[in-house]
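Participant: Starting off with a structure, shown below.
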Amino acid sequence: MSQVSSRPISRMILPYRREDAGAPPSLHADYRSTVLRAPRLAPLAIPATLTEVTGPDHAWARLMGPTMADLTVQHRGEPQGQRIVVAGLVLDEQARPVPDTVIEIWQANAAGRYIHSRDDWPAPLDPNFTGVGRVITDAEGRYRFVSIRPGAYPWGNHKNAWRPAHIHLSLLGPAFATRLVTQMYFPDDPLIEIDPIANAVPMPYRQRLVARFDIGTTVPNWALGYRFDIVLKGRDQTPFEEEHDDH
Amino acid sequence: MTTDLDALNTAPRLDNQDPTLFGQTPSQTVGPFFHYGLPWKGGADLVGRSDLGARPDLMPPEHFLLATSGVSGAPQGEVIEIAGGVYDGQGTPLNDVMVEIWHANAAGRYASDEDGREEVPLDPHFVGFGRGATDANGIWRFRTIRPGRVPGPGNTLQAPHIALSVLGRGLLKRLATRLYFADGEGNGDDPILALVPAERRDTLIARRRPDGVWWLDIVLQGENETVFFDL
Ligand SMILES: [Fe+3]
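Those sequence lines, one after another, are chains A and B.
The working numbering puts the first residue of the first sequence at 1, with every later residue one more than the last.
The working numbering puts the first residue of the second sequence at 1001, with every later residue one more than the last.
Rendered as structure tokens:
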């Protein structure tokens, strides 16, 4: 029997999974800025609604403008530093590609300095390098961008604190629930092991943030290549709610 | 015998490409220097063409490469301004935080493939996603339209609300919360508000100030700590 309701008929909501064992805690005292900023109370688990499973798909150009996949051609001359290619896939937890999603990129220059007025340590700025980019995954979830390898930089967390070389990455994914901001690190960087931000992620999951040098991505006589796949929250197999129009 | 040197790769190791480690990419902080990389001009203005949301004061002008908002026309609905402070556990306002919003259009439909309710109209001039950095005084601010109601679990209807993400230096993970309106229709039986302990519900409810702005402070820690959601 069909039942007519004056309220909107709810559709099937397939919730996204909650965070897995690799997620950092909000409070990681070694990273001092978390001490006064991490919420004291545990986050409240809520069922997924339309709000959490929807997101601004297909609107990247309208929202953010065209892609900027080569960070080395944004100014008159070429930036200083080691040219690199970073390529990989954006996947969900079932290893299915996430197509048509935006990855926003920002990083320091080869000397480890950001083009930001609050970054004032005495390393040179590079007039030919801003360090901002944006790419969209293709139908197979692939992305690729060109940049220069960022330098390590000091910060005020503790005496003689240095951040390992890293590239900041921001992804919206298909839904409000899949929002992710992360950092990609480089292999064989000894600073990773003593960095409080990287180490907020428990081992061995910290290694998910370390790219792999890849000869196949490396372009002869031009740029070193790194592979970095990004895995977003996947959807649960079982629907949280069912349609109520059938009984 | 010689090696095919052209095809030689480095030895596999415990890194991003190791299949035994496959799983969600862990979150990391946006840090303090996101302003030239994320908040574009007009990112916090979903109804007009102002520069709201960006902080071009924090970098040389030739290095502000982010776009300007592509708002195409006036969306349907009541134009509103929402704003508030972001505070740490000592009540210090935070000028290095970024807030994002996501909400339905005035008719209560999300501009997303996942919301396939053809019976509720889309608005060609409204996406419903915005982003803005806090200003020098730790205040975030958006211009948008007041959202309509969307379904909740079962046959419930949610009260009008705006989903918020809070990102910043010292935040290892995005903090997700919601903004409801003090006079919102259906606040009393909203299925998500009902899950929030009564004494903490006020942390999600924006109040209209005399100047018309809907105000909601975000308190990261301590007394009156904002309710954040595990999605
Ligand atoms: Fe950084």
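Virtual Cβ for every residue (Gly too), placed ideally from N, Cα, C.
Since we're looking at a predicted model, the values are computed, not measured.
#1: At a threshold of 6 Å, does Gly133 (chain A) count as lining ligand 1 (C-beta to nearest heavy atom)?
#2: What residue ranges within the stretch 174-227 of chain A form continuous beta strand (DSSP E) runs of no fewer than 3 residues, ordered along the chain?
#3: With hydrogens ignored, establish whether the beta-carbon of Gly1031 (chain B) is closer than 6 Å to any heavy atom of ligand 1.
#4: Could you check if Val1079 (chain B) is buried or exposed, using at least 16 other CB atoms within 10 Å of its CB as the buried criterion?
#5: Classify Pro190 (chain A): buried if its beta carbon has 16 or more other beta carbons within 10 angstroms, exposed otherwise.
#6: Take the Cβ of Glu1008 (chain B) as the centre, count every other Cβ of all protein chains shown within 10 Å, and call the residue buried at 16 or more, exposed below.
#7: With a Cβ-Cβ cutoff of 7 Å, do Val135 (chain A) and Ala223 (chain A) count as a contact?
#8: Hey, Asp267 (chain A) and Thr137 (chain A) are a contact pair by Cβ (cut 8 Å); roughly how many whole angstroms apart?
#9: In angstroms, rounded to a whole number, what distance separates the CA positions of Trp155 (chain A) and Trp1214 (chain B)?
#10: Tell me, to the nearest whole angstrom, how far the beta carbon of Val181 (chain A) is from that of Leu91 (chain A); I am working on the premise that it is less than 8 Å.
#11: I'd like to know if Met1059 (chain B) contacts chain A, where contact means its C-beta is closer than 7 Å to some C-beta of that chain.
#12: Does Leu50 (chain A) pass the burial test, meaning 16 or more other C-beta atoms within 10 Å, or should it be called exposed?
#13: Do Leu1172 (chain B) and Ala200 (chain A) have their C-beta atoms closer together than 7 Å?
#14: Let me know the secondary structure DSSP gives Thr101 (chain A) once reduced to three states.
#15: Determine the DSSP secondary structure at Arg1013 (chain B), reduced to helix, strand or coil.
#16: Let me check understanding here. Comparing Cα to Cα, which of A:Met64, A:Glu93, A:Arg37 lies closest to Asn1095 (chain B)?
#17: Once the 5 residues before and after Leu1179 (chain B) are set aside, which same chain residues still bring their CB inside 7 Å of it?
#18: Report the three-state DSSP secondary structure of Pro1093 (chain B) (helix, strand or coil).
#19: Does Glu52 (chain A) have its Cβ less than 7 Å from a Cβ in chain B?
#20: Can you confirm whether Phe145 (chain A), when its beta carbon is compared against all beta carbons of chain B, has any partner nearer than 7 Å?
#21: Rounded to the nearest angstrom, how far is the Cβ of Gly1042 (chain B) from that of Asp1051 (chain B), given a contact under 8 Å?
#22: Might you give, ordered along the chain, the residues of its own chain that have their beta carbon closer than 8 Å to the beta carbon of Thr1145 (chain B), omitting 5 neighbours on each side?
#23: Check each residue of the stretch 182-197 of chain A: if its Cβ is closer than 7 Å to any Cβ of chain B, include it; give the result in chain order.
#24: Are the CB atoms of Val1227 (chain B) and Gly1087 (chain B) within a distance shorter than 7 Å?
#25: Would you tell me roughly how many angstroms separate the C-alpha atoms of Thr1003 (chain B) and Ala1011 (chain B), rounded to the nearest one?
#26: Along chain A, in chain order, which residues have C-beta atoms closer than 7 Å to that of Asp1113 (chain B)?
#27: Tell me the start and end of each unbroken beta strand (DSSP E) in the stretch 54-81 of chain A that is at least 3 residues and wholly inside, in chain order.
#28: Can you grab the Cα-Cα spacing for the pair Leu1195 (chain B) / Ile1101 (chain B), in whole Å?
#29: What residues of chain A sit near Glu1225 (chain B), judged by a beta carbon separation below 9 Å?
#30: Tell me which residues share the same chain as Leu1167 (chain B) and place their Cβ nearer than 6 Å to its Cβ, disregarding the 5 neighbours each side in the sequence.
#31: Would you say the beta carbon of Leu1046 (chain B) comes nearer than 6 Å to a heavy atom of ligand 3?
#32: With a cut-off of 8 Å on the beta carbons, I'd call Tyr205 (chain A) and Gly22 (chain A) a contact; round off their distance for me.
#33: Counting only beta-carbon atoms, is Phe228 (chain A) nearer than 7 Å to chain B?
#34: Mind pulling the chain B residues with CB within less than 8 Å of Ile46 (chain A)?
#35: Just to make sure I have the definition right: I need the residues of chain A whose C-beta is within less than 9 Å of the C-beta of Thr1010 (chain B). Which are they?
Facilitator: Walking through what the data contain:
#1: no
#2: 180-185, 224-227
#3: yes
#4: exposed
#5: exposed
#6: In the sequence on display, residue 1008 (chain B) carries Leu and not Glu. Label assigned to Leu1008 (chain B): exposed.
#7: no
#8: Absent from the structure is residue 267 (chain A), since the part of chain A shown begins at 1 and ends at 247.
#9: 37 Å
#10: Contact doesn't hold; Cβ gap of about 17 Å is too wide.
#11: yes
#12: buried
#13: yes
#14: coil
#15: coil
#16: A:Arg37
#17: Ile1082, His1161, Ile1162, Leu1164, Leu1204, Ala1206, Leu1216
#18: strand
#19: yes
#20: no
#21: 6 Å
#22: Checking the sequence shown, residue 1145 (chain B) turns out to be Ile, not Thr. Result list for Ile1145 (chain B): Leu1046, Val1047, Pro1075, Gln1076, Gly1077, Glu1078, Val1079, Ile1080, Asn1105, Ala1106, Phe1126, in chain order.
#23: Thr182, Gln183, Pro187, Ile197
#24: Here residue 1087 (chain B) turns out to be Tyr, not Gly, going by the sequence shown. No. Outside cutoff.
#25: 15 Å
#26: Asp57
#27: none
#28: 21 Å
#29: Pro39, Arg40, Leu41
#30: Val1030, Met1098, Arg1174
#31: Inclusion of ligand 3 in the displayed structure is not the case, the ligand content consisting of ligand 1 alone.
#32: 3 Å
#33: yes
#34: Ile1192, Leu1195, Phe1229, Asp1230, Leu1231
#35: Pro187, Arg212, Phe213, Asp214, Ile215
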